[in-house]
Amino acid sequence: KKKIDMLTELNMQEKKRFIWSAKGDKGDGSGDGDVNLADGGNNSSRMFGGAGVVVPTSIKQRIMAHMRQATSLRYDPMGSDFIGTASEDSTVKLWNTGSGKMLKSFRSGSNNVLLGLDIFGSLVAACGTDKMCRIWNARTERLIHQLVGHSQKVTGTRFINGDKSILTASADRSMKVWDITRSTYRQTVTLRHSSTSNCIDVSYDSITAVSGHLDGGVRFWDVRSSERTADITELHSNGVTSVKFNPRNNAEVLTTGRDSVVKLIDVRKSGEVLQSFFHSEYRIDLSYAGCAISPDGKYAAAGSSTGDIFIWRTVDGNLMKQLKGHDTGVVSVAWNMQTNGQQFASVDKRGYLILWA
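Numbering-wise, the sequence shown is residues 126 to 482 according to this note's numbering.
Following this line, the structure appears as structure tokens:
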């Protein structure tokens, strides 16, 4: 019955064709959210349009972002001109995507290796090995929440319903939903499972969460009820390192595994693999290596421990581009969902951020 309910929900989501639009909406339809640090909130031209995604070909900016290994990067889904990076050096930094200039810097606890990062408008969240998730207001540069409740390292975080709630995943085999609308945070839902979560993502309507696990499986959750709606086992060998919802179809998820294979799966078909992407030079050696899917859903991208970035077509699995620019292993890649796919970035083990054109 749970599986039938999940499929029904996903079909309804697909009919709505929900696409995250840059309306400056805080999630309540008011349209008055803080959305931009770099251009004064003027993001009316940033909706996904008909021009199509531009596959990156060359380096626009190469930035020494951190003194130690970068671990995560994230564009603001509200369409502003900045990107965030997190690192083993315990810092989160925001960068202007045009000039490459650093805009803000936030420090977590000392010796805290940051593992997860998310941004929504003026809010920045990061989590790591000190078992906490911190949330800053990027405009005031103040720490506004310090979420405590996990018993082991926190591996991932995602905002839900705009800036109203946040989801965290941990090596303690739990995921937690937190209400952050008040000055004092409140844990509302706990989702429990049998394997460490390496990565999470939330659908574009904030109803479904997906988690990738050490046992090679992915699990789907209704974040409103905490029910597990699907369990796809043995998708990857040696663990799942990244999961990303297709922005054009909430029923499809892109995954990366320690088996050095990227897969696009369809949840409606019990996790059927639509495409597998691989290459003889594509290798993964991190449990948090990140992948990305383009705003139109036509391209899948992932970085290799060899330093190259691979971009495949999702329709047939053919390799479109092999980018060279990093001289060490690539940790994660990201596509900006609000610029017609014309902004793409990557970070590596030496702390470098590359903005591609």
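Just so you know, even glycine gets a beta-carbon here, dropped at the ideal spot from N, CA and C.
Of the residues the options, the one placed nearest residue i, counting alpha carbons only
i: residue 360; options: 347, 373, 383; result: 383
i: residue 402; options: 198, 184, 418, 394; result: 418
i: residue 414; options: 420, 183, 195; result: 195
i: residue 451; options: 304, 459, 473; result: 473
i: residue 342; options: 371, 380, 351; result: 380
i: residue 286; options: 270, 340, 348; result: 348
i: residue 274; options: 420, 482, 301; result: 301
i: residue 422; options: 357, 345, 440; result: 440
i: residue 202; options: 428, 244, 181, 448; result: 244
i: residue 406; options: 424, 390, 354, 432; result: 432
i: residue 277; options: 237, 180, 453; result: 237
i: residue 378; options: 339, 335, 468; result: 335
i: residue 230; options: 291, 206, 190, 269; result: 190
i: residue 454; options: 234, 476, 314; result: 476
i: residue 265; options: 469, 316, 247; result: 247
i: residue 207; options: 223, 284, 256; result: 223
i: residue 324; options: 339, 333, 330; result: 339
i: residue 478; options: 226, 204, 179; result: 226
i: residue 304; options: 296, 270, 393, 329; result: 270
i: residue 363; options: 354, 410, 329, 183; result: 410
Strand pairing of residue i, partner residues [DSSP]
i: residue 266; result: In the DSSP output, where bridge partners are listed per residue, residue 266 has none listed.
i: residue 436; result: 426, 446
i: residue 257; result: 273
i: residue 279; result: 295
i: residue 322; result: 338
i: residue 414; result: Residue 414 pairs with nothing; no bridge assigned.
i: residue 419; result: In DSSP, residue 419 forms no bridge with anything.
Beta strand (DSSP E) segment containing residue i, residue limits
i: residue 218; result: 216-221
i: residue 477; result: 477-481
i: residue 186; result: 184-189
i: residue 337; result: 333-338
i: residue 301; result: 299-304
i: residue 371; result: 365-371
i: residue 474; result: It is not in any beta strand (DSSP E) - residue 474 carries neither H nor E in the DSSP assignment.
i: residue 241; result: 239-245
i: residue 198; result: 195-200
Nearest-angstrom beta carbon gap, residue j and residue i [assumed within contact, 8 Å]
i: residue 232; j: residue 213; result: The pair is not a contact, with the Cβ atoms about 13 Å apart (cut-off 8 Å).
i: residue 280; j: residue 240; result: 5 Å
i: residue 251; j: residue 294; result: Not quite, the Cβ-Cβ distance comes to about 13 Å (not below 8 Å), so this is no contact.
i: residue 426; j: residue 386; result: Wrong, their Cβ atoms sit about 14 Å apart, outside the cutoff.
i: residue 428; j: residue 434; result: 5 Å
i: residue 326; j: residue 388; result: So it is not a contact: roughly 14 Å between Cβ atoms.
i: residue 298; j: residue 321; result: 6 Å
i: residue 316; j: residue 351; result: 5 Å
i: residue 337; j: residue 366; result: 7 Å
As assigned by DSSP and simplified to three states, the class of residue i
i: residue 394; result: helix
i: residue 344; result: strand
i: residue 384; result: coil
i: residue 156; result: Any answer about residue 156 is weak, because its pLDDT of 37 lies below 50 and its placement is not dependable; what the coordinates show is given next. Here residue 156 sits in coil by DSSP.
i: residue 172; result: Residue placement at residue 172 is flagged as unreliable, the pLDDT there being 37, under the threshold of 50; the coordinate-derived value follows with that caveat. In this structure, residue 172 counts as coil in the three-state DSSP scheme.
i: residue 291; result: strand
i: residue 311; result: strand
i: residue 358; result: coil
i: residue 284; result: strand
i: residue 210; result: strand
i: residue 251; result: strand
i: residue 236; result: coil
i: residue 452; result: coil
i: residue 464; result: coil
i: residue 150; result: With a pLDDT of only 38 at residue 150, under the threshold of 50, the placement of this residue in the model should not be trusted, and no figure is reported.
i: residue 403; result: coil
i: residue 227; result: strand
i: residue 378; result: strand
i: residue 164; result: Here the model assigns residue 164 a pLDDT of 42, short of 50, so the residue's position is not dependable, and the following value carries that caveat. The answer is coil: DSSP assigns residue 164 none of H, G, I, E or B.
i: residue 353; result: strand
i: residue 179; result: coil
i: residue 127; result: Any reading at residue 127 must be qualified, since the residue scores a pLDDT of 49, below 50, and its modelled position is unreliable; no value is offered.
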